[in-house]
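In our numbering, the protein residues as written are 3 to 471.
Note that CB positions come from ideal geometry on N, CA and C, so glycine has one too.
For clarity, every value in this text was computed on a predicted model and none was experimentally measured.
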């Protein structure tokens, strides 16, 4: 038996982008909703079943009474289910070559005749199709006439369909320049000449909406557009001029343009740290694509914590060139690494494809990760000059105290305000670790002098020096 799915009927078909068959019992599971008018004897559901789709249902035998008005008709389709416009009325017939059928609709009490259809081949299912314009002013029924003037002559009918033809209307094409998206309200494949669409430009992180162009101009956002003809609109996005190419990942679940490629996944993104999960024996790449970085910002610093026991190299890939450096494994704290990308001839102009690849140097499959631990990424920063301790805004604050100093393991910070972030830098300006508490475990730091940068509530920043023994 054919499965019939009953959908909620939408009256505003022009907004749906699809059409629903208004004939519910269209495959003649039984005779429900169908009736015979002026037919000859022997009509009804065909037994044994004979179906166009051979799916277990049957078809309807329409028998002539030697007149020209023998027919079956479907129960009224209510006006509330109709939209004024064109509809396709189709059905399949199987009979004798030369026999005639005619599709008819009765629209608000008035018959509208389709063209006669002569069956082409005997015993073969053929489709009859006619387009009718419907007023939707009242109820409607569909009718299938047997026009054979021989008493007892018949044909079979199956798979009846009556569907609204969605107007083609005017098409709105939206393009973007830069990183961002545009929403359309309402969002439809086409529009009537009276439709008004609201366009809203949504810039990606570190980008601003600049302007509209094409059939919409200016910079008002959101903006309305009358769809009286086909129209094309372009939204232009530009990089935020205040952005310093510091990707801090401080908004959870916002990768700021960075994305993983097959072979690595994001395990979590909380507290400004992205956890990357490399797969065993696969390429583990974390990439920035479509976000142009000026080649003047040639020094790239990544602050990360490598929990892998075997992934010991980090490669930066720019086009078909790369730089690779060793990285330590099983880190207990965050570690910073810096690359001078100007060594690559592909680092020129605005670079829009930057890939980081974490790998196990001893892996027999060159360039692949061991998959033996996660990689925590805190920030990726691009600068025009190499970082050094002199680049850190040093603000000696007597209200901030460190003890013990020198320190062997735990360094305590006493501050007048609540601590939001603590960063520890070596004398090269490389960030060695980051924390959010007043107790810092320095046991994994090498001996030497360090600078601690403390950010307190209210964006109060203070710095102090300490010695690790």
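Q: Could you have a look at residue 201 and say whether DSSP puts it in helix, strand or coil?
A: Against the chain shown, residue 201 aligns to sequence position 199. Here residue 201 sits in strand by DSSP.
Q | Bridge partners - residue 353, DSSP secondary structure assignment | A | Residue 353 sits at position 351 when you count from the first residue of the chain shown. Bridge partners of residue 353: 295.
Q) So residue 121 is in the beta strand (DSSP E); what residue range does that whole segment cover? A) In the chain shown, the residue the question calls residue 121 occupies position 119. Careful: residue 121 lies outside any beta strand (DSSP E) and carries neither H nor E.
**Q.** Cβ contact check for the region 366–382 and the region 245–253: 3 or more pairs under 8 Å
**A.** yes
(Q) Do residue 335 and residue 446 count as a contact pair if the criterion is CB distance below 8 Å? (A) Walking along the chain shown from the start, residue 446 turns up at place 444. Walking along the chain shown from the start, residue 335 turns up at place 333. Contact flag set, yes.
Q. What span of residues does the beta strand (DSSP E) with residue 261 cover, start to end?
A. Locating residue 261 in the chain shown gives position 259, where the first residue counts as 1. First-last of the beta strand (DSSP E) with residue 261: 260–262.
Q) By the 10 Å Cβ neighbour count, where 16 or more other Cβ atoms means buried, how is residue 148 classified, buried or exposed? A) Looking up residue 148 in the chain shown gives position 146. Counting Cβ neighbours within 10 Å, residue 148 comes out buried, since at least 16 surround it.
Q: Could you check what DSSP says for residue 420 in three-state terms: helix, strand or coil?
A: Here the question's residue 420 lines up with position 418 in the chain shown. Looking at residue 420 - three-state DSSP - the assignment turns out to be coil, as it is neither helix nor strand.
Q | Nonlocal neighbours in the same chain, by C-beta distance under 8 Å from residue 78, ignoring five residues either side | A | Numbered from its first residue, the chain shown carries residue 78 at position 76. Taken in chain order, the residues that qualify are 141, 142, 143.
(Q) For residue 328 and residue 314, which I take to be in contact (beta-carbon distance under 8 Å), what is that distance rounded to the nearest angstrom? (A) As a first step, residue 328 is located in the chain shown; it is residue number 326 there, counting from the start. As a first step, residue 314 is located in the chain shown; it is residue number 312 there, counting from the start. At roughly 6 Å, the Cβ-Cβ gap stays under 8 Å, so residue 328 and residue 314 are in contact.
Q | residue 459 classed as buried or exposed, judged by whether at least 16 other C-beta atoms fall within 10 angstroms | A | Here the question's residue 459 lines up with position 457 in the chain shown. So residue 459 counts as exposed.
Q.
Does the structure place the region 258–265 close enough to the region 224–231 that three or more beta carbon pairs sit under 8 Å?
A. no
Q) By DSSP, does residue 345 sit in helix, in strand, or in coil? A) For the purposes of this step, residue 345 is identified with residue 343 of the chain shown, where counting begins at 1. It is helical.
Q) Just checking my contact of residue 27 with residue 164 at CB under 8 Å: how many whole Å lie between their CB atoms? A) On the chain shown, position 25 is the one that residue 27 refers to. On the chain shown, position 162 is the one that residue 164 refers to. The Cβ separation is near 12 Å, so there is no contact.
Q | Neighbourhood of residue 344 by C-beta, 6 Å cutoff - its chain only, sequence neighbours within 5 removed | A | Taking the chain shown and counting its residues from 1, the one referred to as residue 344 is at position 342. Around residue 344: 300.
Q | Pairwise C-alpha distance: residue 198 and residue 40 | A | Along the chain shown, one-based indexing puts residue 40 at 38. Along the chain shown, one-based indexing puts residue 198 at 196. Approximately 51 Å, taken between the alpha carbons.
Q: Report yes or no: do three or more beta-carbon pairs, one from the region 412–428 and one from the region 440–454, lie closer than 8 Å?
A: yes
Q: Assuming residue 338 contacts residue 434 (C-beta within less than 8 Å), just tell me the rounded distance between them.
A: Along the chain shown, one-based indexing puts residue 338 at 336. Along the chain shown, one-based indexing puts residue 434 at 432. That pair is a contact at about 7 Å.
Q: List in chain order: all unbroken beta strand (DSSP E) runs of 3+ residues lying wholly within the region 83–150.
A: 87–96, 102–109, 112–115, 128–136, 142–148
Q) If you draw a straight line from the alpha carbon of residue 471 to that of residue 303, how long is it in whole angstroms? A) Reading the chain shown from its first residue, position 469 is the one you call residue 471. Reading the chain shown from its first residue, position 301 is the one you call residue 303. Cα to Cα, residue 471 sits roughly 27 Å from residue 303.
Q) With DSSP run on the structure shown, which of helix, strand or coil describes residue 81? A) Counted from its first residue, the chain shown places residue 81 at position 79. Correct three-state label for residue 81: helix.
**Q.** Three CB pairs or more closer than 8 Å across the region 422–438 and the region 452–467
**A.** yes
Q. Can you tell me whether DSSP reads residue 311 as helix, strand or coil?
A. Counting from one through the chain shown, the residue named residue 311 turns up at place 309. Residue state, collapsed to three classes: coil.
Q.
Between the alpha carbons of residue 177 and residue 290, how many angstroms are there, rounded?
A. The sequence position of residue 177 within the chain shown is 175, counting from 1. The sequence position of residue 290 within the chain shown is 288, counting from 1. Roughly 22 Å separates the two Cα atoms.
Q: Indicate the three-state DSSP secondary structure (helix, strand or coil) for residue 526 in the structure shown.
A: In the structure as shown, the chain begins at 3 and stops at 471. Residue 526 is therefore absent and cannot be evaluated.
Q. Would residue 73 pass as a contact of residue 158 if the rule is Cβ separation under 8 Å?
A. The sequence position of residue 73 within the chain shown is 71, counting from 1. The sequence position of residue 158 within the chain shown is 156, counting from 1. Not closer than 8 Å, so no.
Q) CB-CB under 8 Å to residue 36, same chain, minus the five flanking residues each way: which ones, in chain order? A) Within the chain shown, numbered from 1, the residue matching residue 36 stands at position 34. Once the five neighbours on either side are set aside, the close Cβ partners of residue 36 are 27, 30, 62, 74, 75, 76, 77.
Q | Pair within 8 Å by beta-carbon distance, residue 54 and residue 160 | A | As a position in the chain shown, residue 54 is number 52, starting the count at 1. As a position in the chain shown, residue 160 is number 158, starting the count at 1. Yes, they are a contact pair.
Q. Can the beta-carbon of residue 402 be found less than 8 Å from the beta-carbon of residue 464?
A. Here residue 402 refers to the residue found at position 400 when the chain shown is read from its first residue. Here residue 464 refers to the residue found at position 462 when the chain shown is read from its first residue. It is a contact, given that the beta carbons lie within the stated cut-off.
Q: Grab the span of the beta strand (DSSP E) containing residue 48 for me, first residue to last.
A: Mapped onto the chain shown, residue 48 falls at position 46. No beta strand (DSSP E) contains residue 48, which DSSP labels as neither H nor E.
Q.
Give me the residue from 220, 369, 292 with the minimum Cα distance to residue 281.
A. Position 279 of the chain shown, counting from 1, holds the residue named residue 281. Checked all of 220, 369, 292; the closest Cα to residue 281 is 369.
**Q.** Cα-Cα separation, residue 84 to residue 25
**A.** Position 82 of the chain shown, counting from 1, holds the residue named residue 84. Position 23 of the chain shown, counting from 1, holds the residue named residue 25. Residue 84 and residue 25: Cα-Cα distance of roughly 12 Å.
Q. Rounded to a whole number of angstroms, what is the C-alpha to C-alpha distance between residue 33 and residue 154?
A. Along the chain shown, one-based indexing puts residue 33 at 31. Along the chain shown, one-based indexing puts residue 154 at 152. One C-alpha to the other measures close to 20 Å.
Q) Just how far apart, CA to CA, sit residue 391 and residue 384? A) Locating residue 391 in the chain shown gives position 389, where the first residue counts as 1. Locating residue 384 in the chain shown gives position 382, where the first residue counts as 1. Unreliable positioning characterises residue 391 in this predicted model, as indicated by a pLDDT of 48, which lies under 50. A coordinate reading is not provided.
Q.
By the DSSP assignment, the beta strand (DSSP E) with residue 280 in it spans what residues?
A. By 1-based counting over the chain shown, the position of residue 280 is 278. Unbroken beta strand (DSSP E) run through residue 280: 275–280.
Q.
Under 8 Å: do the region 198–209 and the region 166–182 share three or more Cβ pairs, one atom per stretch?
A. yes
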